[in-house]
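Here the structure comes first, spelled out in structure tokens, and everything after it is commentary.
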């Protein structure tokens, strides 16, 4: 058997690398096109007037993950409620991805299949699918809904076991066994949204950290905006470089997508937040700033969620942005 010469091995390796790069580029391009098509769909979808109530009370909807839901005493919606005359509602879930929130809002329907719900109140493992029978990695944290659900007319609780990495459904009371052999929708109470109010969307921190992830974030943000049926919205920037190393590039894409609706809170914190909060930089804060990190003095112990100072400043910046966009006026400020 003849030995392969070193130059030939090098050429072969180069060919393999080029092939892999080409495949990866093609995959990214296809994924990008897929999400761009979905964005176009959500942008152009006609209004569905049945998704709204007719209440006259002005409302600000704060929609997001744990950075929005937070503790009652330490969340930007609480600070926003204290600063304005508007009613402020929080909606979302702990560690929710943007896709999760689109599901909670009823814009994306979810299903299960190939399970048997026993006649007793015994948990049954299940997978969650979309309408095209693709398995979804969603609804892992506690949120505004989809804890109490209904499957095939049977009400019960949907839970996620982080250790086993699976969902379970437990019916509320004993009944007739139900065998499910086709896609069956998992239903929950879906909120109604009043028309022409203000939505604050703060999502993406927990979205998949893939090369094409920002397109997915934007796609489901568009789905959320479409479901709200309002032109009065603000999208808050991503903030954490500790979690998202390319956060600045991601924010550039978000700004390009949402234009005047985009609030670059990360840039504000890095440049003016310290001064406005009237805090003295610690040694750690200085190290954080050198790395492009949000200063520790603005964060909770997990170095991700904001503390009271962070949330107060965010509420102030959102209020200023709402006035600039003429969603509210200065008379709405307490």
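Numbering (the UniProt record's numbering), first residue to last: 1 to 334.
Built from N, CA and C at the ideal position, the CB exists for glycine as well.
Predicted, not measured: the structure shown is a model, and the values here were computed from it.
Residues near residue i in its chain [Cβ-Cβ closer than 7 Å; skip 5 each side]
i           : result
residue 118 : 124 and 177
residue 274 : 281 and 295
residue 147 : 157 and 158
residue 330 : 323
residue 74  : 307, 308 and 311
Counted within 10 angstroms of its Cβ, other Cβ atoms place residue i as buried (16 or more) or exposed
i           : result
residue 324 : exposed
residue 243 : exposed
residue 272 : exposed
residue 144 : buried
residue 292 : exposed
residue 155 : exposed
When the options are compared against residue i, the one with the closest alpha-carbon
i           : options               : result
residue 397 : 334, 315, 332 and 326 : Nothing can be reported for residue 397, as the shown portion of the chain is limited to 1 through 334.
residue 231 : 115, 196 and 61       : 196
residue 87  : 206, 222, 59 and 101  : 59
residue 172 : 166, 153 and 180      : 153
residue 198 : 67, 233 and 98        : 233
residue 339 : 201, 145 and 143      : Only positions 1 to 334 of the chain appear in this structure, which leaves residue 339 out of reach.
residue 222 : 95, 105, 74 and 82    : 105
residue 277 : 225, 297 and 83       : 297
residue 227 : 95, 99 and 287        : 99
residue 332 : 69, 81 and 71         : 81
Cβ-based neighbour list, residue i, same chain, cut-off 8 Å, excluding 5 preceding and 5 following
i           : result
residue 317 : 263, 265 and 268
residue 184 : 111, 112, 113, 151 and 152
Proximal residues to residue i (C-beta, below 6 Å), its chain only, five neighbours per side dropped
i           : result
residue 312 : 79
residue 214 : 250 and 253
residue 97  : 206 and 207
DSSP bridge partner residues for residue i (one or two, in chain order)
i           : result
residue 71  : 74
residue 178 : 117
residue 155 : 150
residue 299 : 306
residue 111 : 129 and 185
residue 170 : 157
residue 198 : 60
Under 8 Å, with one C-beta from each stretch per pair, do the stretch 250 to 257 and the stretch 299 to 314 reach the 3-pair mark? No, because fewer than three Cβ pairs between the stretch 250 to 257 and the stretch 299 to 314 fall closer than 8 Å, the two stretches do not touch.
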